[in-house]
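Count along the sequence shown from 1, add 1114, and you get the number used in this note's numbering.
Ideal placement from N, C-alpha and C gives every residue a C-beta, glycine not left out.
Fair warning: this is a prediction, and the values are worked out from it, not measured in the lab.
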Amino acid sequence: MDENLEQNKLPELKLDAKQTQGFLSFFRSLPQDPNAVRFFDRRDYYTAHGDNATFVARTYYRTTTVLRQISSGRDAISSVSVSKTMFERIARDILLERTDHTLEFYEGSGSNWRLSKMGTPGNLGSFEDVLFANNDMDDSPAIVALSPIFRESECIIGLAYVDLTKRTMGIAEFLDDSQFTNVESALVSLGCKECLLPAEISKTVEARHLNDALGRCNLLVTERKKAEFKSKDLVPDLGRLVKDSVEPARDLVANLVYASGALGALLSYLELLADESNYGSYTIQHYKLDSYMRLDSAAMRALSVLESKMDANKNFSLFGLMNRTCTAGMGKRLLNRWLKQPLVDVKEINYRLDMVQAFVEDAALRLDLRQHLKRISDIERLMHRLQRRKASLQQIVKLFQSSLRLPYIKGAIERYEGEFSSLLKSKYLDALDYWTDDDHLNKFIALVEAAVDLEQLENGEYMISASYDSKLLDLKNQMDAVEKQIQILHKQTANELDLPVDKGLKLDKSTQFGHVFRITKKEEPKVRKKLNVSFIVLETRKDGVKFTNTKLKKLGDQYGKLLEEYTSVQKELVARVVQTAATFSEVFESIAKILSEMDVLLAFADLATSCPTSYARPEITPSDRGDIILMGSRHPCVEAQDGVNFIPNDCLLIRGKSWFQIITGPNMGGKSTFIRQVGVNVLMAQVGCFVPCDQASISIRDCIFARVGAGDCQIRGVSTFMQEMLETASILKGATGNSLVIIDELGRGTSTYDGFGLAWAICEHLVEVTRAPTLFATHFHELTALAHQHVNNDVDPQTKSTNGVANYHVSAHIDPSSRKLTMLYKVEEGACDQSFGIHVAELAKFPEEVVSLAKEKAAELEDFSPISVLSESAKVGDKRKRVLDPDDMAKGAAIAHKFLHEFSEMPLDKMDLKQALEQVSKMRSDLERDAVDNSWLQQFF
């Protein structure tokens, strides 16, 4: 339905003068909070007012014509009405997508209103029923608190997080650099949606870079008083919240002082101790940054790991492509978490790959298990509702029905006799046997069979079995007796009115009138003559006339009183059953963990076998050994698009030979796709999935850094080039020799000379200092000279191996006669000496006069270009007037790199303007002196 039409069908907000003044008085008394979106319950619909009304109208209805005014003159405020369906959509967008607002819900009337519900992106709280009533819960959001301690040359971060859905919490302390790369990686890994910070931190100079890192993670920042970041009374508080012994938590808190203060702030903010259902239900752990591959927000975007609202179809993202899970939500959430937390342990990765291989090789096992998992409900969320005492009999029945599928899953695993049968048995079968025995799950099944009237499920009714309680059984017998008398009266009345039972005189039961007789309008004239004063007509409608008599009314009232008492007793029994069922939380949490893991690994196997070109199992080696070799590699998301005939390429990142690859070639030739597919293949392998290759061998990477694409952030005042520099700074500070670095078209946002200088210096740093395997796609063809530079001292001098820099290019063909450019999308060895930019403009159907002028200007500039490289294609008579010696370029770039490094290390925040200018002037003078004997540097002065 069109949103504007839906809005027009809603009733107008009508208040009398007294109600209007009362509401306005209350509304204006609310504290100012620019992040809060407030709704007011009007029973059949909801309203928003003031700035919130304008926000709702413009954002969700895309028009201000839906706005109405309450009162008039100076007292007037805007108002907008929202249906319950529309409110669900708005709530999902605010809390799950936008993550920059909080949601408040008020109930009441006049001037008496109270806040009944409040939700934030990190604490969905009481809005879970609204958000996931008709949708699966795709992710389990976490809320984090940071306690940064700034020192002269470093920053200590105290971090704590809480996942309210999974009821887990963790703390960590670590050092971080000025770009807060570790903080960003931790927030991405944990899937944080909200971050608590001490309010005083925002006033410091150092906080600017921290806020930039938080902004890149797209989460809500909530400031709290510094006094809340304390660890006093934390141990006894954890003693009430944490399962089993509190001893490990006490030791953890004692060793991590700053993180403990952050956890104290979280417990206070979330008010966990105010809800007794939280007691004894949480686990706590020491979160370690090196437990998983680190991914920052730039890498997540560059590799399209998670879904985006801008995706044209689900295969645009790695998550969308790989999400072939069957369970209702559990597998999907686990896959989401795995993609943000790739493994770095060879043994764990190979365990997952063994499971996937077993499911790939045995199609019958795979299909059988997936069929059974489709009948498994979202056990995690059902248990979450049970623990909060918000579950109904319907949720308990869903758990019961899921429990009945477990023997079939066990049977399928028992029938498997393949290579990995012992592994499947030890990992899944033994665990399922333990949790489904008479001391665990079978007790729950017995409880449900005794307590729930399973025969009524076919009618869609969830009721306590009358035999479960003596009082309930007695009431049920009384109700049946009254019902029997009503049936007898029904027959007597039918005979009296000379009508057939059921066909002529029907007996209805409704919430409005209780038991009533009903006849058709056609029979009414005939029957009315026989009606006497004892008959009372209740309602006349198209479907007939409803009426009653004294006897039926008396019996109906008697039945209604019994039903009311029965419902009251049943409500008490349901609460008791829910409380008993909640004691099985450990059983169901363990079963959910087993089934969701199995679900994701089966999804990996389904992906590997259902694609047009099958996937291969990668060979995994430790980070200090082996290379990254991908033979016939493909980009899984690109090849999944309709109409794409993907051309595979080999990637050979070999230590000491091609560990650093400079990739040149024409625009639209496939450079970006190639370097991204390498990152995606490595990530998939470390998640435990087969990869889209003919053959793959991957040396474990501790993180993937990616600087791909350009985009500004106007809200934070960050230009495209500045955004590029910030992302590159994170790479230079955070990457290690065990990382994977992917950089695409660095330096385009500034002048050619500045861009080339930065690109060269960054390459030198990555090659000589970081020494990480790197894919560097560029149009600065002069960078290919790096491959001809000095010999790496770490390599045996007898072999005279290069420093590991190798040139590759994406190939293209130009027809000699028509000059038509054809992209071949093949990555080949060697450098490319042109970008074919004008050819691409021709492909884009530029006007002929524009293309001709572009060729003329390009030829002119080529004549005077100071940035040239002596290549195999350079011949006597070449138009280029200045050809620089690669050695001269290398020396000059090293000097420039030293200058940039010294400049970046200047403590500008601790120097006044005069000191800073003097220092920069001295550094420039030194650089000009060094440039006297270096032709490459001279071009910049």
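Residue i: CB within 7 Å of a non-hydrogen atom of the ligand NAP
{"i": "Thr1279", "result": "No copy of the ligand NAP appears in this structure; indeed no ligand is present at all."}
Cβ neighbours of residue i in the same chain (closer than 6 Å, five flanking residues each side left out)
{"i": "Thr1199", "result": "none"}
{"i": "Phe1219", "result": "Phe1153, Ser1230, Lys1231"}
{"i": "Arg1364", "result": "Val1349"}
{"i": "Ile1777", "result": "Lys1785, Ala1891, Tyr1922"}
{"i": "Val1276", "result": "Ile1257, Met1283, Leu1380"}
{"i": "Ala1327", "result": "Phe1294, Val1297, Glu1298"}
Inter-residue Cα distance where the pair is residue i and residue j
{"i": "Gly1532", "j": "Gln1471", "result": "10 Å"}
{"i": "Leu1209", "j": "Thr1279", "result": "15 Å"}
{"i": "Ile1493", "j": "Ile1633", "result": "48 Å"}
{"i": "Thr1842", "j": "Asn1166", "result": "39 Å"}
{"i": "Lys1665", "j": "Asn1609", "result": "15 Å"}
{"i": "Lys1541", "j": "Ala1256", "result": "28 Å"}
{"i": "Glu1266", "j": "Leu1260", "result": "19 Å"}
{"i": "Ser1382", "j": "Glu1342", "result": "7 Å"}
{"i": "Arg1451", "j": "Arg1281", "result": "15 Å"}
{"i": "Asn1781", "j": "Ser1405", "result": "39 Å"}
{"i": "Val1194", "j": "Thr1168", "result": "8 Å"}
{"i": "Asp1567", "j": "Met1577", "result": "6 Å"}
{"i": "Asp1616", "j": "Glu1575", "result": "24 Å"}
{"i": "Ser1535", "j": "Arg1495", "result": "31 Å"}
{"i": "Val1651", "j": "Leu1669", "result": "17 Å"}
{"i": "Phe1819", "j": "Leu1538", "result": "35 Å"}
{"i": "Lys1075", "j": "Ser1710", "result": "A question about residue 1075 goes unanswered here, because the residues of the chain that appear run from 1115 up to 2055."}
{"i": "Lys1557", "j": "Leu1889", "result": "57 Å"}
{"i": "Gln1501", "j": "Thr1697", "result": "8 Å"}
{"i": "Gly1222", "j": "Leu1687", "result": "31 Å"}
{"i": "Leu1217", "j": "Gly1239", "result": "11 Å"}
{"i": "Glu2042", "j": "Val2034", "result": "12 Å"}
According to DSSP, residues forming a beta bridge with residue i
{"i": "Pro1262", "result": "Ile1271"}
{"i": "Gln1183", "result": "Ser1192"}
{"i": "Lys1231", "result": "Phe1219"}
{"i": "Arg1690", "result": "According to DSSP, which records beta bridges pairwise, Arg1690 is partnered with nothing at all."}
{"i": "Met1414", "result": "Answer is none; Met1414 lacks a bridge partner."}
{"i": "Ala1920", "result": "Gln1775"}
{"i": "Asn1226", "result": "Ser1223"}
For residue i, three-class secondary structure by DSSP
{"i": "Pro1148", "result": "coil"}
{"i": "Ser2061", "result": "Nothing about residue 2061 can be reported from this structure: the residues present for the chain run from 1115 to 2055 only."}
{"i": "Cys1440", "result": "coil"}
{"i": "Glu1943", "result": "strand"}
{"i": "Gly2006", "result": "helix"}
{"i": "Val1659", "result": "strand"}
{"i": "Ala2045", "result": "helix"}
{"i": "Cys1309", "result": "strand"}
{"i": "Met1937", "result": "strand"}
{"i": "His1554", "result": "coil"}
{"i": "Glu1575", "result": "coil"}
{"i": "Met1283", "result": "strand"}
{"i": "Asp1207", "result": "helix"}
{"i": "Arg1790", "result": "helix"}
{"i": "Ser1422", "result": "coil"}
{"i": "Tyr1160", "result": "strand"}
{"i": "Ile1814", "result": "coil"}
{"i": "Asp1738", "result": "coil"}
{"i": "Ile1761", "result": "coil"}
{"i": "Ala1131", "result": "helix"}
{"i": "Ser1491", "result": "coil"}
Residues of its chain near residue i, where Cβ-Cβ distance is below 7 Å and the 5 sequence neighbours each way are ignored
{"i": "Leu1386", "result": "Leu1355, Asn1392"}
{"i": "Arg1739", "result": "Ser1813"}
{"i": "Asp1290", "result": "Cys1269, Ile1271, Asn1296, Val1297"}
{"i": "Gln1791", "result": "Ser1747, Arg1748, His1749"}
{"i": "Ala1565", "result": "Ile1578, Ser1579, Tyr1582, Val1691"}
{"i": "His1323", "result": "Ser1292, Gln1293, Phe1294"}
Chain-order list of residues whose beta-carbon lies under 8 Å from that of residue i (same chain, five-residue window excluded)
{"i": "Gln1515", "result": "Arg1489, Ser1491"}
Beta strand (DSSP E) segments (min. 3 residues) lying fully within the segment 1331-1411: 1334-1338, 1397-1400
In chain order, each alpha helix (DSSP H) run of at least 4 residues that lies wholly inside the segment 1512-1538: 1520-1529, 1535-1538
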